[in-house]
Amino acid sequence: VWREYLPHAEIWFAEFDAACVDKYRPELAQLNERVVTGDQADIPTLQRWVNETGGNFDVIVDDGGHSNMMYNSFYTLFYQALRPGGLYIIEDIHASRTGQYVDGDMQHQTVYGKAFEVHAGAHRTHKLLEIGLGCDMWYGPGHSAKVWREYLPHAEIWFAEYNAACVDKYRAELAELNEKVVTGDQADIPTLQRWVNETGGNFDVIVDDGGHSNMMYNSFYTLFYQALRPGGLYVIEDMQASRTGKYVDGDKEHQ
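All the letters of the sequence shown, read from the start, carry residue numbers 1 to 255 under this note's numbering.
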C-alpha cells in the first residue's frame, strides 16, 4: 500500500520477528523498501534503528508493540528523527489498555514530564489551572493538588470544580497548599467567563480533566484557549471518555 501510494518515497519498516523479515526480504527488495529488526522496547536497538535509517523522516507510524512502554521508548528517540512539520502517528493507542498489551497505569507522569521539559522545566514560575478537583473519584479529592504543588513549588495554581460542597469541605487543605479554586458548571458559558475573570487568565498550563463530554471540552476550549499565554500547554485528559457511557453527548458522526 505504501509503495503504491508513495511511489517515489524512501520507505522503511521495523520488525521484531527477524525470521519473518528474512522470509519476506525478496518481496521488500522488489518494492524497493528496507527494514530494520529488533525489540521496540530496547533503547540501544532503537538508537541503532535511527543510525541505520538515517532518521530525518517526513512520516513515522508506530503500529508496533502497542504497550505504553513501547510507545514511550520509541517516541523518546524517534520524535527527534522526524523532520520539522512531519507526521508522527500512533496507531491503536487504545490497545495499550487491553489484554496482552497492558503494562501499567496510564503513565501521566511520563507525558507531563516530557511536556514540562520542553516548556522550560519545573523550576520556573508557572500559572496553572486544572479542571476537576477529584471530588467524584473513589480515592477522594485533592490528589493532583498535592502533586502539582510538589512538582511546581512556586507556581500560582488554580482549580475549577463543579461540586461546591466538596470544595467547601476541602478549602482549608487547598489554602495550606496555597492553591485557589473557582466553582460552577463547565458547560455554562457565563460561568466559564466568570472563571476567566476571577482567575485573571494568562495561564502557562491548562489541564481539562473535568466533565469529559465533547460539549464541555468545546465550551471550555472556546474561552480558555484565549486565556493561555503564547507557547503555553493546553492538555485535555481522558479524551477517549467522551465516546463511552455517561459522557456521550452527540451522535456518532459528531462525537
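Glycine included, each C-beta is placed from N, C-alpha and C at the ideal position.
Counting along the chain, no alpha helix (DSSP H) covers Glu15; the unbroken beta strand (DSSP E) around it starts and ends at Ile11 to Glu15. Fewer than three Cβ pairs drawn from the stretch 44-56 and the stretch 18-28 lie within less than 8 Å of each other, which leaves the two stretches out of contact.
For Val196, the three-state secondary structure derived from DSSP is helix.
Distances from the CA of Val182 to each of Gln193, Cys166, Phe159 and Asn202 were compared; the closest alpha carbon is that of Phe159. Closest option to Lys127, judged by alpha-carbon separation, among Gly231, Gln40, Gln47 and Arg83: Gly231.
The beta carbons of Val61 and Ile43 sit about 20 Å from each other, so the pair does not count as a contact at 8 Å. Going by beta carbons, Pro141 and Tyr170 fall inside the 8 Å limit. Around the C-beta of Gly200, fewer than 16 other C-beta atoms lie within 10 Å, and the residue is accordingly described as exposed.
If you ignore the 5 residues before and after Ile157, its C-beta comes within less than 6 Å of the C-beta of Leu128, Trp148 and Glu179, all in its own chain and listed in chain order. With respect to Gln186, Ile131 sits close: the two C-beta atoms are nearer than 8 Å. Taking 8 Å as the cut-off, the Cβ atoms of Leu46 and Phe74 count as close.
In this structure, Trp195 places its C-beta atom within 8 Å of the C-beta atom of Gly184.
The criterion of a C-beta distance shorter than 8 Å is satisfied by Ile206 and Leu228. Beta-bridge analysis with DSSP links Ile90 to Asp62. Taking the Cβ atoms as the reference, Val35 lies roughly 5 Å from Val21, within the contact range of under 8 Å. Gly85 counts as exposed, since fewer than 16 other C-beta atoms from the protein chains shown sit within 10 angstroms of its C-beta.
Excluding residues up to 5 positions away in sequence, Pro141, Glu161, Asn163 and Cys166 lie with their Cβ nearer than 7 Å to the Cβ of Cys135 in the same chain. Membership of Asp204 in the beta strand (DSSP E) is indicated by the continuous run Phe203 to Asp208.
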